[in-house]
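Heads up: take any position in the sequence shown, counting from 1, add 30, and you land on this note's numbering. A short worksheet on the structure shown next.
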Amino acid sequence: MGSHGSHLEREPELNLILEETGFSRANLNRLHHRFRYLDRNNKGFLSRMDLYNIKELEQNPLADLIIDSFFPDGGQCVDFQGFVWVLAHFRPLEGKDSAAQDPQKPEPLNSRNSKLRFAFQLYDMDSDGKISKKEMLQILRLMVGVGVTNEQLEIIAARTVQEADEDGDGAISFVEFTKSLEKMNIEHQMSIRILK
Ligand code: CA
Ligand code: CA
């Protein structure tokens, strides 16, 4: 019966997925195996609980937020297309990616701008288009372990927002976020080796 890779070939939107994510067929095949492994009940969908079994996320302090991003609009399950769409933001930039982009095509999901947008949306928990001091504090609380008092974290959160806040509205917009991260190697920070 089916040879290796045949499950992937049965994906209804395979060509669209290949184009949208930039993953090679071999990588997608590996991710498809991974998806089917995580999909223990063989439903064709992953739940939040299934995603907690991704071992690369175990050590990530922002795992909860990253897992949230698989479920936009408050959904309960994610199919293969949605699964690889999120993972594509973490695909490292390769030599071929820096080649001139076809202006007719949408921006690749692993471009610097897409990675920034993805990170911004993780931080902007209430999706109002700004990172508030309260949201910054929540992020810091997740990222900083024990040993730092709440008062200290509040000071750091306020300072971080203040440093990036150019228009003085007390929150960080996407433009301000992009500017404050200009010198940071976000491409590297936002590339996790999920493909073994
Ligand atoms: Ca917000
Ligand atoms: Ca601002």
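Each residue gets a CB set at the ideal place from its N, CA and C atoms; glycine is no exception.
Residues near residue i in its chain [Cβ-Cβ closer than 6 Å; skip 5 each side]
i, result
"Ser203", "Lys160"
"Gln106", "none"
"Leu61", "Val114"
Proximity below 7 Å, CB of residue i to CB of residue j
i, j, result
"Gln111", "Glu193", "no"
"Val108", "Leu152", "no"
"Leu170", "Ala188", "no"
"Asn83", "Leu68", "yes"
Proximity to residue i [Cα-Cα], best of the options
i, options, result
"Ala56", "Gly74, Val176, His37, Lys73", "His37"
"Phe65", "Glu86, Ser54, Phe113, Glu196", "Phe113"
"Leu146", "Ile84, Lys209, Lys73", "Lys209"
"Gln168", "Leu92, Met79, Asp197, Phe120", "Leu92"
"Trp115", "Gly104, Lys135, Asn140, Leu123", "Asn140"
"His119", "Lys164, Arg40, Glu50", "Glu50"
"Phe101", "Asn90, Glu88, Leu117, Gln89", "Leu117"
"Ala123", "Gln106, Pro136, Ser144", "Note on identity: in this sequence residue 123 is Leu, with Ala being the wrong assignment. Comparing Cα-Cα distances from Leu123 to each of Gln106, Pro136, Ser144, the minimum goes to Ser144."
"Ile47", "Pro138, Gly104, Asp80, Arg78", "Pro138"
"Arg78", "Gln89, Ile97, Glu88, Val176", "Ile97"
Beta-carbon proximity list for residue i, same chain, < 8 Å, skipping 5 on both sides
i, result
"Asp199", "Lys160"
"Glu206", "Ala194, Asp195, Glu196, Asp197"
"Ala201", "Lys160, Ile161, Ser162, Lys163, Val191, Asp195"
"Leu172", "Pro91, Leu92, Asp94, Leu95"
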